[in-house]
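Notes follow the structure.
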Amino acid sequence: MEISCAILAGGQSRRFGSDKTVAKLCGYSFTEILSIKLSKISSDVMVISKDNSKFDFKYKNVRFVNDEFEAQCPLVGIITALENAVNEWVFITSADSPLLKVEIIDLLYNHLGNYDVLLPVIDGKIYTLTGFYNKRILNILLDYFRKGIYRLLDIYPELNISYFNDVGKIKKVDTNLLSFININTKGDYEYAKEIAEKVGLGI
Ligand SMILES: Nc1nc2c(ncn2[C@@H]2O[C@H](COP(=O)(O)OP(=O)(O)OP(=O)(O)O)[C@@H](O)[C@H]2O)c(=O)[nH]1
C-alpha cells in the first residue's frame, strides 16, 4: 500500500525565536532533512506551510503545498495534508523533529488497521505529530476547525485512534528515540546539533 507523507513546516516558532523550519543541522534545513528521508520511502511527500518560498531545495517526490487556512496551528497543517494527499494514509511529521528515523514509519505502517489515526505513545506522552492519519477524518477535522477548536487532543475523543505504546519495538528501530526529539527552543537546537554531529543525520 502506498502512503503519502506530510512535513508540517509552518507555525510561528515563538519559543525558538526565529523560523525553526529553516534552521540547519550539518548544512541542511530541518525541512530539507525530512524531505530527503521521506522522498526515499514515499512517492507523495508534501512540505506544508503558509509561505514555501522560504525553501530553496528540490527533490523527486517532494512537492510544496500551501496551508488551506490563515490560522497558525498544526491542525491547519494536518487538514491541508489530508486534503491534498494522493493516498488514503498520510504519515504526518513536523519540521521540528528532523532526527526522525524512517524505520519508525515502517514499524507504524505494519500496525495500520481499521481506525482513523495511529500514534506512538512513549512514557505516557502522545506524539500527535509523528503518526498516521487517514483521509477519511478530513471532514471531522474541518468541523472542529470551523468551530474554533484547534487543539488536537480536544478532537481525539471523536476519532477512532490506535495508540502504539510498545516502546520495546520502538527502541529496536530507534534506540535513542531520536525520532521523538522536538526542537522548540534554542537549547533544544544545541542538543540536536550535538547529536547530529555525533551520529549524523541519517540521510
Ligand atoms: N503547515 C503548518 N505547520 C504548522 C502550523 N503551525 C505549526 N506547524 C508546525 O507544526 C509543528 C509543531 O508546531 P509547534 O512547535 O507546536 O508550534 P510553532 O508555532 O511552530 O512554535 P511555537 O510558536 O514555539 O509554539 C512545527 O513543525 C511547526 O512548523 C501551521 O499553521 N501550518
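For the sequence shown, this note's numbering gives the first residue as 39, with consecutive numbering after it. For each residue, glycine too, the CB sits at the ideal point set by N, CA and C. Note that the structure is a prediction, hence the values are computed from the model and not measured.
Linking residue 146 to residue 220 through their CA atoms gives a straight-line distance of about 19 Å.
When 44, 208, 82, 134 are compared, the shortest CA-CA separation from residue 51 is found for 134. The residue from 191, 188, 218, 118 with its alpha-carbon nearest to that of residue 136 is 218. In this structure, ligand 1 has a non-hydrogen atom nearer than 8 Å to the beta-carbon of residue 46. In the DSSP assignment, residue 201 is bridged to 157. In its chain, beyond the 5 residues on either side, 42, 82 have a beta carbon closer than 6 Å to the beta carbon of residue 124. Taking the Cα positions, residue 200 is about 6 Å away from residue 155. When C-alpha distances from residue 239 are compared across 72, 197, 226, 164, the shortest belongs to 72.
In summary, residue 47 is buried, with 16 or more beta-carbon neighbours lying within 10 Å of its beta-carbon over all protein chains present. About 14 Å separates the CB atoms of residue 130 and residue 105; that is not less than 8 Å, and the two are not in contact. Inclusion of residue 67 and residue 95 in the CB contact set at 9 Å is warranted, their separation being smaller than that value.
DSSP, read as helix, strand or coil, puts residue 183 in helix. Closer than 8 Å to some heavy atom of ligand 1: that describes the Cβ of residue 167. Between the C-alpha atoms of residue 63 and residue 216 there is a straight-line separation of about 14 Å. Minimum Cα-Cα distance from residue 92 among the listed residues 69, 99, 176, 65 corresponds to 69. If you check the CB distance, residue 176 and residue 120 come in under 9 Å. Unbroken alpha helix (DSSP H) stretches of 4 residues or longer found wholly inside the stretch 44-82: 68-77, given in chain order. Three or more Cβ pairs drawn from the stretch 152-168 and the stretch 180-200 lie within less than 8 Å of each other, which places the two stretches in contact. Of the candidates 44, 149, 53, 39, 53 places its Cα closest to the Cα of residue 226.
With 16 or more neighbouring CB atoms inside 10 Å of its own CB, residue 143 falls in the buried class. Proximity to residue 74 across 98, 194, 192 peaks at 98, based on C-alpha coordinates. CA-CA distance, residue 169 to residue 157, rounds to 5 Å.
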